[in-house]
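Undergrad: One structure, as structure tokens, below. Some questions next.
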Amino acid sequence: MNTEQGHILIIDDEKNYLLVLEALLADQGYAVTALNDPETALAFLDESEVDVIVTDMKMPKLSGKEVVTHVKRDYPHIPVLVMTAFGSIESAVDIMKLGAFDYITKPFSNDELLLSIHNAVEMARVHRRYRLLHENLEERYGLHQIIGKSKGIRNVLSLVDKAAPTKSNVLITGESGTGKELVARAIHFASLRKNGPFISVNCMALNPGVLESELFGHEKGSFTGAVALRRGRFELASGGTLFLDEIGELSHDMQVKLLRVLQERRFERVGGSEEIDADIRIVTATNKDLLAEVEKGNFREDLYYRLNVVHIMLPPLRERREDIPMLISHFIDKIAAENGISKKHVAPEALDYFSGYEWPGNIRQLENVVERCMVMVTGDTVTVADLPPEVKDEESQLKNAIDLLPPELNLAETLDTLEAAIIRRALVRSDFVQVKAAEQLAISKSLLQYKLRKYGITGH
Ligand SMILES: Nc1ncnc2c1ncn2[C@@H]1O[C@H](COP(=O)(O)OP(=O)(O)OP(=O)(O)O)[C@@H](O)[C@H]1O
Ligand SMILES: [Mg+2]
């Protein structure tokens, strides 16, 4: 069956009429299924992909109304077009209230019917695209996309799990690139509002004047340039989640306005008097220390407590280095798939550098470095030579090495540990030829041998 144009199910108890309609629609290139029994037709929906339903109103077993009710309940995305007899305008109104897409009064011209069907097919197409997009979004931003097994990430995931089903406001803090937006989306897609919109606003990107109408919308003519009514993000996010990013940048004036919406759960458009219900869940994020901003008088304390019902703190990557190998392989898979390039292997020495680096730009920086390596490397292995200079920076490597030493060691013990490590490295680099190692370290062979005994290092 050619369903490219759309698959239309016609339900009418009059067989002759059914045949005429079937021929007409098939002629237009639609795939058509014509059934004269509404019950069979509803059963047919369970096993077929139908784009649009055209049903008669008066039928002996089930009425058009019942068909609409049933379809709206079980297949809300399929538009239903109802054919009513001339003169029954009242029931036509009823049927629209039940959620029919359109009605058409008999007798109608072919063009009238075709136009309405065309519109319904378009609508079904938009719906389908939306559903696909939504499934993709869920796939992309679901909880499972937050990679990591460190204690820090496990804490984050359990908080997301607990907070998601509630309507509580969530504040996400963390350094730049730690995944604040990713977590905000994960909260939305794990919540009961996941089928509603996820609307994101960056409070820093907009100047205060624009931000107000961006958030609350404006009435036509409320200021020069307001040529038409515009719905704000609060209104657009209705039934879903509003993500306010960089909340620490909000001006005093806007802090007051936001607080009012949070308290009253209602707001007005700029220049308007009608009160609009704010049915939204608010998730905010900042890389500032918001409490410190409160103490400095830059951020309202009452607003802080309203926003901070659940607080999710994202640890910097350098505090959860054990996640680095997992993140690298996640990004390798992702980048390979997105760019149609082959996956790469990371040499163990290169991985040591990845694990040791400070990552001031956190996961975003790690992702960029992995991407750069994937694109630049011609073979199938990323080696130390392929790493960007900042990752190989000796000073930060050294700092990390020192951070890794057990904190209970005193200075002499720390120095001994380091000396032993340096000697071991020199031995490895000189293929365990002691003369060469002593040369590299600029000490005599006998001093080297003394130290090998002291630290219990055995060469082979
Ligand atoms: N745990 C994680 N697992 C997988 N990918 C992650 C993780 N955390 C962050 N990312 C990825 O890192 C990038 C940066 O994350 P995101 O934009 O959420 O950070 P941010 O904290 O909002 O940064 P900024 O403060 O700069 O806005 C994104 O591509 C995101 O998908
Ligand atoms: Mg962000």
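Our numbering puts the first residue of the sequence shown at 1474, with every later residue one more than the last.
We treat Cβ as the ideally placed atom computed from N, Cα and C, and that holds for glycine.
1) Taking one C-beta from the stretch 1807–1826 and one from the stretch 1629–1640 each time, how about it: are there three or more such pairs within less than 8 Å?
2) Can you tell me where the beta strand (DSSP E) with D1806 in it begins and where it stops?
3) Please report the straight-line C-alpha distance between K1918 and P1861, rounded to a whole angstrom.
4) Please report how far the alpha carbon of F1804 lies from the alpha carbon of T1542, in whole angstroms.
5) Could you check if Q1736 is buried or exposed, using at least 16 other CB atoms within 10 Å of its CB as the buried criterion?
6) Just to confirm before moving on: does the CB-CB distance between Y1614 and F1662 stay below 7 Å?
7) Cα-Cα, which of G1713, G1669, E1741 is closest to L1702?
8) Suppose contacts are defined by Cβ-Cβ distances below 7 Å. Is A1809 in contact with V1855 by that definition?
9) Could you give the C-beta distance for R1897 and I1930, rounded to a whole number, given that I count them as a contact under 8 Å?
10) Answer yes or no: the CB of T1651 versus the heavy atoms of ligand 1, is any distance below 6 Å?
11) So does N1760 have its beta carbon nearer than 6 Å to some heavy atom of ligand 1?
12) Determine the direct distance from the alpha carbon of V1523 to that of N1475, and round the result to whole angstroms.
13) Taking buried to mean at least 16 other C-beta atoms within 10 Å of its own C-beta, is Q1583 buried or exposed?
14) Rounded to a whole number of angstroms, what is the C-alpha to C-alpha distance between A1691 and L1731?
15) Among the residues of its own chain, which have a CB less than 6 Å from the CB of A1507, if the five just before and after it don't count?
16) Based on DSSP bridge pairs, tell me the residues matched to G1690.
17) Is any heavy atom in ligand 2 found nearer than 6 Å to the beta carbon of E1654?
18) Mapping DSSP to helix, strand and coil, what is E1747?
19) Can you list, in chain order, the residues of its chain whose CB lies under 6 Å from that of G1744, leaving out five sequence neighbours each side?
20) Where does the unbroken beta strand (DSSP E) through V1553 begin, and where does it stop?
21) Which ranges would you report for the beta strand (DSSP E) in the stretch 1565–1624 if only whole runs of at least 3 residues count?
22) Which residues in the same chain as E1912 place their Cβ atom closer than 7 Å to its Cβ, once the five residues preceding and following it in sequence are excluded?
23) Just to confirm, does T1619 get its C-beta within under 6 Å of one of the non-hydrogen atoms of ligand 1?
24) Could you name each continuous alpha helix (DSSP H) segment of 4 residues or more that falls completely within the stretch 1640–1684, going from the start of the chain to the end?
25) Does the distance from the CB of I1660 to the CB of A1637 come in under 7 Å?
26) Contact between the stretch 1636–1655 and the stretch 1682–1690 is defined here as three or more beta-carbon pairs at a separation below 8 Å; is this criterion met?
27) Looking only at its chain, what residues have a beta carbon closer than 7 Å to the beta carbon of G1721, apart from the 5 residues adjacent to it on each side?
28) With C-beta atoms as the reference, is M1532 less than 7 Å away from D1486?
29) For E1512, which residues in the same chain have their Cβ closer than 8 Å to its Cβ, ignoring the five residues on either side in sequence?
TA: In brief:
1) In short, these stretches do not touch, since the Cβ pair count stays below three.
2) No beta strand (DSSP E) holds D1806; the alpha helix (DSSP H) holding it covers 1797–1812.
3) P1861 has its alpha-carbon roughly 37 Å from the corresponding atom of K1918.
4) About 47 Å.
5) Counting Cβ neighbours within 10 Å, Q1736 comes out exposed, since fewer than 16 surround it.
6) It is a contact, given that the beta carbons lie within the stated cut-off.
7) Checking every option, the nearest Cα to that of L1702 belongs to E1741.
8) It is not a contact, given that the beta carbons lie outside the stated cut-off.
9) R1897 to I1930, Cβ: 6 Å. Contact.
10) Within the cutoff, so yes.
11) Flag set: Cβ of N1760 near ligand 1.
12) Because N1475 carries a pLDDT of 49, less than 50, the predicted location of this residue cannot be relied on, and the following value inherits that uncertainty. C-alpha separation (whole angstroms): 12 Å.
13) Reading off the sequence, residue 1583 comes out as Asn, not Gln. Using a 10 angstroms sphere on the CB of N1583, the tally of other CB atoms stays under 16, which defines it as exposed.
14) The sequence as given places His at residue 1691; Ala does not occur at that position. Our two residues, H1691 and L1731, have alpha carbons roughly 16 Å apart in a direct line.
15) The residues are I1483, L1491, E1495.
16) Partner(s): R1704.
17) Within the cutoff, so yes.
18) Residue state for E1747 is assigned as coil, using DSSP reduced to three classes.
19) Result list for G1744: H1691, E1692, S1695, in chain order.
20) Where V1553 is concerned, the enclosing beta strand (DSSP E) stretches over 1553–1558.
21) Scanning the stretch 1565–1624 from its first residue to its last, the whole beta strand (DSSP E) runs of 3-plus residues come out as 1575–1579.
22) Nothing listed; no residue qualifies.
23) The residue asked about is misnamed: residue 1619 is Ile in this sequence, not Thr. Yes - ligand 1 has a heavy atom lying nearer than 6 Å to the Cβ of I1619.
24) Annotation: the stretch 1640–1684 contains the following complete segments of the alpha helix (DSSP H) (minimum length 4 residues), in chain order: 1653–1662.
25) The Cβ atoms of I1660 and A1637 lie closer than 7 Å to each other.
26) At 8 Å Cβ cutoff, the stretches do not touch.
27) Result list for G1721: T1759, K1761, L1763, E1766, F1772, in chain order.
28) Contact: yes.
29) So the list reads K1534, L1535, once near-sequence residues are dropped.
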